[in-house]
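**Student:**
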Amino acid sequence: KVGYTADGKIVAVDVRLYSNGGMSLDLSRPVLERAIFHIENSYSVPNLRVVGRVCRTNLPSNTAFRGFGGPQGLVACEVYVDHVARELGMNP
514 KVGYTADGKI VAVDVRLYSN GGMSLDLSRP VLERAIFHIE NSYSVPNLRV VGRVCRTNLP
574 SNTAFRGFGG PQGLVACEVY VDHVARELGM NP
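So in the numbering used here the end of the sequence shown lands on 605, straight run, no missing numbers.
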């Protein structure tokens, strides 16, 4: 959920992140924490709530690699920024 003004300023974000941890926890929790810390990207959101869950699945462990969760948070942020811009008819 994203709250924004008519001129496109994002004033509130409520996000739930789910991480595919695979069959073992391994480093899945720190990866998810890093995604949570990056959910605003370089924007300032005055009202922010993020809930993250690592999900155990029947897949190999999804351990940390390269961006260590940062890119996942950044992409999620850019998706909601893009949705707001498109909803208001602005250039994302």
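In this text, a Cβ means the ideal position worked out from N, Cα and C, and glycines have one as well.
Going by the DSSP bridge assignment, what does C568 pair with across the sheet?
**Tutor:** Numbered from 1 along the sequence shown, position 55 holds the residue referred to as residue 568. Note: C568 sits in a beta bridge opposite N533.
**Student:** Since E516 contacts V544 with CB under 8 Å, what's their CB separation in whole angstroms?
**Tutor:** The residue given as residue 516 occupies position 3 in the sequence shown. The residue given as residue 544 occupies position 31 in the sequence shown. In the sequence on display, residue 516 carries Gly and not Glu. Contact flag wrong, Cβ pair sits at about 28 Å.
**Student:** Can you tell which of F578, S537, E591 and D595 has its C-alpha closest to the C-alpha of N571?
**Tutor:** Position 58 of the sequence shown holds residue 571. Of F578, S537, E591 and D595, the residue nearest in Cα terms is S537.
**Student:** Relative to the alpha-carbon of S562, which residue among V526, G602, N533 and D520 has its alpha-carbon at the smallest distance?
**Tutor:** Residue 562 sits at position 49 when you count from the first residue of the sequence shown. Per the sequence shown, residue 562 should be read as Arg rather than Ser. Ranking V526, G602, N533 and D520 by Cα distance to R562 puts V526 first.
**Student:** Determine which residues share a DSSP beta bridge with G516 and list them.
**Tutor:** Looking up residue 516 in the sequence shown gives position 3. Beta-bridge pairing links G516 to A525.
**Student:** Contact check, I549 vs G535 under 8 Å by CB: the rounded distance?
**Tutor:** Against the sequence shown, residue 549 aligns to sequence position 36. Against the sequence shown, residue 535 aligns to sequence position 22. With 8 Å as the limit, I549 and G535 do not qualify as a contact, their Cβ atoms being about 19 Å apart.
**Student:** The alpha helix (DSSP H) that contains Y556, what's its start and end?
**Tutor:** Walking along the sequence shown from the start, residue 556 turns up at place 43. That residue, Y556, is in no alpha helix (DSSP H); it is neither H nor E in DSSP.
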